[in-house]
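Participant: Number 1088 marks the last residue of the sequence shown (our numbering); no jumps. Cβ coordinates follow ideal geometry from the N, Cα and C atoms, glycine included. Quick caveat: nothing in here was measured; it's all calculated off a predicted structure.
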Amino acid sequence: MPTPSALRGHFLTFEGMDGCGKTTQLRLLAQYLREHGRNVVETVEPGGTEIGRQIRRILLDPANTAIQPRTELLLYFASRAQNVDEVIRPALEAGSVVLCDRFTDSTLVYQGCGRGLEAGIVLDLDRIACRGLRPATTVLIDMDLETSLGRAKRRNERYGQSESRIDDESAAFHDSVRKGYLALAATEPERFVVIDGRAPLGDVARQIREALRNRV
Ligand code: TMP
């Protein structure tokens, strides 16, 4: 298996709170990079593979209130291990830009800061599931709680509640998620690009392209 440094492509992740607009921004960036001749592979966590999509349904189904925090943690990493082996590594070996909607930073902030699981446990599982693969760049779309949760709520009302198990957590949970993200970005400023997500969609997209100009 090639070491991460032997991978020719660029591994870029998008992170942020529910409703921050990262999925839309990921698609816009993918389109832009393709127009500029890059091979782009889009994927998502949890999900990204057929097995991952089945795991995603279990994780986000609001009926699954009995899920224990460690069960949840292991399922997120089960989806990720499959995605890394089946989609992400092969694409990076082939020289593609891989855009992944969420990755281990989500687990660090949602299961670590949100659920109170130890960061050390999350990182141990990351070593098993991802085998040393880390994002080269992470775009964090930051936004205040009120705006992001308002948007997530409207989206759920529009498209049904089938994926709302984590969105339905308390404001205190989401507040610790946001703080966790900002703390992560502060500890790794060379990897993180932090973008204010409250601007109009086109402005946010432009800011992201500008920030990535010399990276991707
Ligand atoms: P999404 O709606 O952005 O696709 O994310 C699905 C939900 O799963 C979202 O509420 C964040 C949550 N999540 C975690 O709690 N831990 C993780 O490791 C990941 C990837 C997502």
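1) So if I measure from each beta-carbon to every heavy atom of the ligand TMP and keep distances below 5 Å, which residues remain?
2) Would you report the Cα separation of residue 1028 and residue 954, rounded to the nearest angstrom?
3) I think residue 963 touches residue 913, with their Cβ atoms under 8 Å apart; what is that distance to the nearest whole Å?
4) Excluding sequence positions up to five away, which residues of its chain have a Cβ less than 6 Å from the Cβ of residue 1026?
5) Can you list, in chain order, the residues of its chain whose CB lies under 6 Å from that of residue 1008, leaving out five sequence neighbours each side?
6) Could you pull the start and end residues of the beta strand (DSSP E) that residue 1067 belongs to?
7) Going by DSSP in three states, residue 989 sits in which element: helix, strand or coil?
8) How many angstroms separate the CA atom of residue 1049 from the CA atom of residue 1014?
9) With DSSP as the reference, identify every bridge partner of residue 882, one or two as the case may be.
10) Look at the Cβ atom of residue 901, then the Cβ atom of residue 945, and state whether they are nearer than 8 Å.
11) Is it right to say residue 1053 is buried, meaning 16 or more other beta carbons lie within 10 angstroms of its own, or is it exposed?
12) Mind checking whether residue 1011 and residue 1080 have CB atoms under 8 Å apart?
13) Once DSSP output is grouped into helix, strand and coil, what is the label at residue 1004?
14) Tell me residue 979's beta-bridge partners as DSSP assigns them.
15) Taking its Cβ as the centre, do 16 or more other Cβ atoms sit within 10 Å of residue 986, making it buried, or is it exposed?
Facilitator: On the basis of the supplied data:
1) Going down the chain, each residue whose beta-carbon is closer than 5 Å to a heavy atom of the ligand TMP shows up: 890, 917, 948, 974, 978, 979, 982 and 1038.
2) For residue 1028 and residue 954, the distance between alpha carbons rounds to 27 Å.
3) The C-beta distance from residue 963 to residue 913 rounds to 4 Å, short enough to fall under 8 Å.
4) Excluding residues within five positions, none has a Cβ falling inside 6 Å.
5) Excluding residues up to 5 positions away in sequence, 882 and 883 lie with their Cβ nearer than 6 Å to the Cβ of residue 1008 in the same chain.
6) DSSP places residue 1067 in the uninterrupted beta strand (DSSP E) bounded by 1064 to 1068.
7) Note: residue 989 maps to coil in three-state DSSP.
8) Their Cα atoms are separated by approximately 11 Å.
9) DSSP, once it has assigned bridges, lists 969 as partnering residue 882.
10) Taking 8 Å as the cut-off, the beta carbon of residue 901 is found no closer than this to the beta carbon of residue 945.
11) That one is buried.
12) Contact flag set, yes.
13) DSSP, read as helix, strand or coil, puts residue 1004 in coil.
14) Under DSSP, no beta-bridge partner is assigned to residue 979.
15) Counting the other CB atoms within 10 Å of its CB gives residue 986 a total of 16 or more, which places it among the buried residues.
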